[in-house]
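Residue numbers (the working numbering): 1027 to 1765. Quick reminder that beta carbons are idealized off the backbone N, C-alpha and C, glycines included.
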């Protein structure tokens, strides 16, 4: 983590040095002209405008040259605090390093030295957080932070009356702690807001001009003093109704985003004019902004003590916990003074100051990324959650894993609850599919069995978050064949993990089984012929067990099962184990769902066959509904009989699962997303995907487009009310005694 933070600092230092170099360019000829008979500016004016720029350049060049070799030759014992002490300024955190240098005006460049100080309050805190108190760097970093804070205080004291509006009564300095773009729910409608957390209040504002436009301005929507803010609403608070956007619409946006990204890359390679690319970028920005507005659905509610409530929608429990934690922590600190209501003038001045104070300048979407920035990993990540240590008391604990895709995080796996211990040892392995993912998050929860003690915040029952942490998914170390062990520190707790990544080009190869017997990796016709059945035994057993006790399980088929359990079931089915039904009755239902998905994934040929796959992919794009239905049904009925009967058997089951959507949260679309690639993905020779994905962006986008086509094919059949079959096949299906 320390190395990660410092790598980000190096990147921003490099950008900052280029800004200072850009200022030195006009300074030199202006200085030369100042001594002539017709100076553009006087020497005094030059020294005022370009105040200390050469000195700043030297200081930061020395800092950069000192830090670079230390990060390149990194070790746990490496010290950097002495460099920060010399620098006397805090540097900006990695997330703010996405400035588009070429577009900076002279005015913006002149503002950089102060801008760099006022917006860089978190990096030293981050370094200290991940530096043990016993580490020799700890006192040096503390001293650097003290120097930096003193410098900020002196700026606050010496500034103009406009900046003094940031001083709270009784001499307390108001500082910005955190800000972010969030979705607010206003009278049932989603609204994009920029939320600012100051040391004494929470301010919700609306950005007047489009992000990236000049002369940004904010409109204040509301604010709550922290001393009057609570997460607990009055008892008569109405339950929150969240307007849900259908998954199909969200996926359609992702398809458009993928298309536009690919198009931009093609235009760049063809060296087309900037106007074409700018037009495409504008369309991309519109789609991504729409996705940001419509995707989040996890509520975060805040209340004023007078009972007035406000609701935000957030994409994951991780962010929700972060906001709650930082607000509660600051509330403890600001009990010593009370913020009186702001006058309209004070509120206006505070809102105006947000333009310069903001640390998050852009909506966090791909349009704002640097051109050469990786679009993340595509493939499968195997994660073993080993154990946790550092707990002070015995608790019932479990962990969840989140990864990002299209800028949003979603829960992908959950360990079992380890009962009443200070050292849980889960040792559970999960296989997580990555769709352009860049970060893995882990949350550790205390399971609450006593309903009276459950957390009622946001009007819903929730287990208590004990700790959370995240690590970047760095492609380099993960590309090796060996497991990478790591530790995620969180609030005094440490969770041990192992990770191994398999890129899609390897993970999705369909390989025929080399075993003479068994069912995994064996043609479906071979298995049904051997078993004298219409549908393989493994499919019938798994579906029967899931319908018996898993049809109401939240996230069934989406949440990963424990990999070791899945492997045990795979072995049992392959060896025709007599006690397989007993094993299944004792296993977690997500492992059974995972075994079924693995069976279809490992078929040497997809259920929809390599031969017919291109026709299905083409048929789904037909615009005429009658032609589409005729085409799709004829293709379906062209499948070999074992494939067709098995698919219809599975289709019937998936429709029953979707009937329980209000409980299990699995819609027809969600099920199509899970099973589409599994049932349709062709063998490698028939795939449209490049065999050697050297271009991560285009590879990711082409994968996304093909996967979404596979999802649409399955969704089409799931949404058809009836699927007629010709007499010969109808008879064999309806009157089969085995099914």
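1. Is the number of C-beta pairs between the stretch 1563-1582 and the stretch 1681-1693 that are closer than 8 Å three or more?
2. Tell me whether the stretch 1371-1389 and the stretch 1491-1509 touch, counting them as touching only if at least three CB pairs, one residue from each stretch, are closer than 8 Å.
3. Hey, quick one: how far does the beta strand (DSSP E) through residue 1251 stretch, first residue to last?
4. Rounded to a whole number of angstroms, what is the C-alpha to C-alpha distance between residue 1081 and residue 1092?
5. Apart from the five residues on each side of it in sequence, which residues of its chain come closer than 8 Å, Cβ to Cβ, to residue 1764?
6. How is residue 1555 classed by DSSP in three states: helix, strand or coil?
7. With three or more C-beta pairs closer than 8 Å as the rule, is the stretch 1446-1460 touching the stretch 1411-1421?
8. Taking the alpha carbon of residue 1668 as the reference point, which residue from 1632, 1640, 1700 has its own alpha carbon closest?
9. Three-state secondary structure (DSSP) at residue 1030?
10. Does residue 1462 come out as helix, strand or coil in the three-state DSSP assignment?
11. With a 10 Å radius around its C-beta and 16 neighbouring C-beta atoms as the bar for buried, classify residue 1745 as buried or exposed.
12. At which residues does the beta strand (DSSP E) containing residue 1634 begin and terminate?
13. So for residue 1014, helix, strand or coil by DSSP?
14. Could you tell me the distance, in whole angstroms, from the CA atom of residue 1325 to the CA atom of residue 1494?
15. Tell me the DSSP secondary structure of residue 1230 in three-state form.
16. I'd like to check one pair, residue 1056 with residue 1072: are the Cβ atoms closer than 8 Å?
17. Let me know the secondary structure DSSP gives residue 1325 once reduced to three states.
18. Out of curiosity, what's the CA-to-CA distance linking residue 1166 and residue 1067?
19. My assumption, with CB atoms under 8 Å, is that residue 1490 sits in contact with residue 1428. Please give the rounded CB distance.
20. Quick check: the stretch 1607-1617 against the stretch 1639-1658, are at least 3 beta-carbon pairs closer than 8 Å?
21. In whole angstroms, give me the CA-to-CA distance for residue 1724 and residue 1209.
22. With a cut-off of 8 Å on the beta carbons, I'd call residue 1432 and residue 1280 a contact; round off their distance for me.
23. Between which two residues does the alpha helix (DSSP H) containing residue 1609 stretch?
24. Taking 7 Å as the limit between beta carbons, can you name the residues of its chain near residue 1720, skipping five residues before and five after?
25. Would you mind reading off the limits of the beta strand (DSSP E) that contains residue 1510?
26. Identify whether residue 1413 lies in helix, strand or coil by the three-state DSSP scheme.
27. Given 8 Å as the limit, is there contact between the stretch 1258-1273 and the stretch 1325-1344, that is, 3 or more CB pairs closer than that?
28. If we ignore side chains and look at the alpha-carbon of each, how far apart do residue 1731 and residue 1697 end up?
29. Could you pull out every residue in the same chain whose Cβ sits closer than 8 Å to the Cβ of residue 1595, ignoring the five residues on either side in sequence?
30. When the Cα atoms are used, what is the spatial distance from residue 1403 to residue 1369?
31. Indicate the three-state DSSP secondary structure (helix, strand or coil) for residue 1543 in the structure shown.
32. As a quick exercise: from 1665, 1293, 1734, 1252, pick the residue whose alpha carbon is nearest that of residue 1350.
33. Helix or strand or just coil, what does DSSP make of residue 1408?
34. Please tell me whether residue 1517 and residue 1543 are closer than 8 Å, where the distance is taken between their beta carbons.
35. Whose C-alpha, out of 1520, 1640, 1246, 1027, is nearest the C-alpha of residue 1371?
36. For residue 1738 and residue 1657, what's the separation of their Cα atoms in angstroms?
According to the data block:
1. Three or more Cβ pairs closer than 8 Å define a contact, and the stretch 1563-1582 meets that threshold against the stretch 1681-1693.
2. Taking 8 Å as the limit for Cβ pairs, the verdict is that the stretch 1491-1509 does not touch the stretch 1371-1389.
3. For the purposes of this step, residue 1251 is taken as the residue at position 225 of the chain shown. Membership of residue 1251 in the beta strand (DSSP E) is indicated by the continuous run 1244-1251.
4. As a working mapping, residue 1081 is identified with position 55 in the chain shown. As a working mapping, residue 1092 is identified with position 66 in the chain shown. Taking the straight line from one Cα to the other gives about 17 Å.
5. Stepping through the chain shown from its first residue, residue 1764 is reached at position 738. No answer about residue 1764 holds up, because its pLDDT of 42 lies below 50 and its placement is not dependable.
6. On the chain shown, residue 1555 is found 529 positions in, with the first residue counted as 1. Here residue 1555 sits in helix by DSSP.
7. At 8 Å Cβ cutoff, the stretches touch.
8. The sequence position of residue 1668 within the chain shown is 642, counting from 1. When only C-alpha atoms are compared, the closest one is 1632.
9. Walking along the chain shown from the start, residue 1030 turns up at place 4. Three-state result, residue 1030: helix.
10. The residue given as residue 1462 occupies position 436 in the chain shown. Secondary structure at residue 1462: strand, using DSSP grouped into helix, strand and coil.
11. Numbered from its first residue, the chain shown carries residue 1745 at position 719. That one is exposed.
12. Reading the chain shown from its first residue, position 608 is the one you call residue 1634. For residue 1634, there is no enclosing beta strand (DSSP E), as DSSP marks it with neither H nor E.
13. Past the boundaries of the shown model lies residue 1014; the chain is included only from 1027 to 1765, so the question cannot be answered.
14. Here residue 1325 corresponds to residue number 299 of the chain shown, with the count starting at 1. Here residue 1494 corresponds to residue number 468 of the chain shown, with the count starting at 1. Approximately 19 Å, taken between the alpha carbons.
15. Residue numbering aside, residue 1230 sits at position 204 when the chain shown is read from its first letter. Of the three classes helix, strand and coil, the one that applies to residue 1230 here is strand, per DSSP.
16. On the chain shown, residue 1072 is found 46 positions in, with the first residue counted as 1. On the chain shown, residue 1056 is found 30 positions in, with the first residue counted as 1. The criterion of a C-beta distance shorter than 8 Å is satisfied by residue 1072 and residue 1056.
17. Reading the chain shown from its first residue, position 299 is the one you call residue 1325. In the structure shown, residue 1325 sits in a strand (DSSP, three-state: E or B).
18. Here residue 1166 refers to the residue found at position 140 when the chain shown is read from its first residue. Here residue 1067 refers to the residue found at position 41 when the chain shown is read from its first residue. Rounded to the nearest angstrom, the two C-alpha atoms are 43 Å apart.
19. Here residue 1490 corresponds to residue number 464 of the chain shown, with the count starting at 1. Here residue 1428 corresponds to residue number 402 of the chain shown, with the count starting at 1. Not quite, the Cβ-Cβ distance comes to about 17 Å (not below 8 Å), so this is no contact.
20. Touching, no, given that fewer than three Cβ pairs across the two stretches are closer than 8 Å.
21. The count along the chain shown starts at 1 and reaches residue 1724 at position 698. The count along the chain shown starts at 1 and reaches residue 1209 at position 183. Caution is warranted here: a pLDDT of 43 is assigned to residue 1724, below 50, making its placement in the model unreliable, and no coordinate value can be reported.
22. Here residue 1432 is taken as the residue at index 406 of the chain shown, counted from 1. Here residue 1280 is taken as the residue at index 254 of the chain shown, counted from 1. Contact flag correct, Cβ pair sits at about 6 Å.
23. The residue labelled residue 1609 in the question sits at position 583 within the chain shown. In this chain, the alpha helix (DSSP H) harbouring residue 1609 covers 1606-1612.
24. Within the chain shown, the letter at position 694 stands for residue 1720. Low confidence applies to residue 1720: its pLDDT is 35, below 50, so where it sits in the model is not reliable enough to give any reading.
25. Stepping through the chain shown from its first residue, residue 1510 is reached at position 484. Element bounds for residue 1510: 1510-1516.
26. Position 387 of the chain shown, counted from the start, is the residue given in the question as residue 1413. In the structure shown, residue 1413 sits in a strand (DSSP, three-state: E or B).
27. Yes: the two stretches touch, three or more of their Cβ pairs being nearer than 8 Å.
28. Numbered from 1 along the chain shown, position 705 holds the residue referred to as residue 1731. Numbered from 1 along the chain shown, position 671 holds the residue referred to as residue 1697. Looking at the two C-alpha atoms, the distance is approximately 18 Å.
29. Taking the first residue of the chain shown as 1, we reach residue 1595 at position 569. The beta carbon of residue 1595 is closer than 8 Å to those of 1606, 1609, 1610, 1613, 1617, 1618, 1621 in its chain, skipping five residues each way along the sequence.
30. Locating residue 1403 in the chain shown gives position 377, counting from the first residue. Locating residue 1369 in the chain shown gives position 343, counting from the first residue. C-alpha separation (whole angstroms): 50 Å.
31. By 1-based counting over the chain shown, the position of residue 1543 is 517. If DSSP states are grouped into helix, strand and coil, residue 1543 belongs with coil.
32. Position 324 of the chain shown holds residue 1350. Residue 1252 is the option with its Cα nearest to residue 1350.
33. Sequence index remark: in the chain shown, residue 1408 carries index 382 (1-based). In the displayed model, residue 1408 falls within a strand according to three-state DSSP.
34. Here residue 1517 corresponds to residue number 491 of the chain shown, with the count starting at 1. Here residue 1543 corresponds to residue number 517 of the chain shown, with the count starting at 1. Cβ distance not < 8 Å, so residue 1517 and residue 1543 don't count as in contact.
35. Your numbering for residue 1371 matches position 345 in the chain shown. Of 1520, 1640, 1246, 1027, the residue nearest in Cα terms is 1246.
36. Numbered from its first residue, the chain shown carries residue 1738 at position 712. Numbered from its first residue, the chain shown carries residue 1657 at position 631. The C-alpha of residue 1657 is placed about 15 Å away from the C-alpha of residue 1738.
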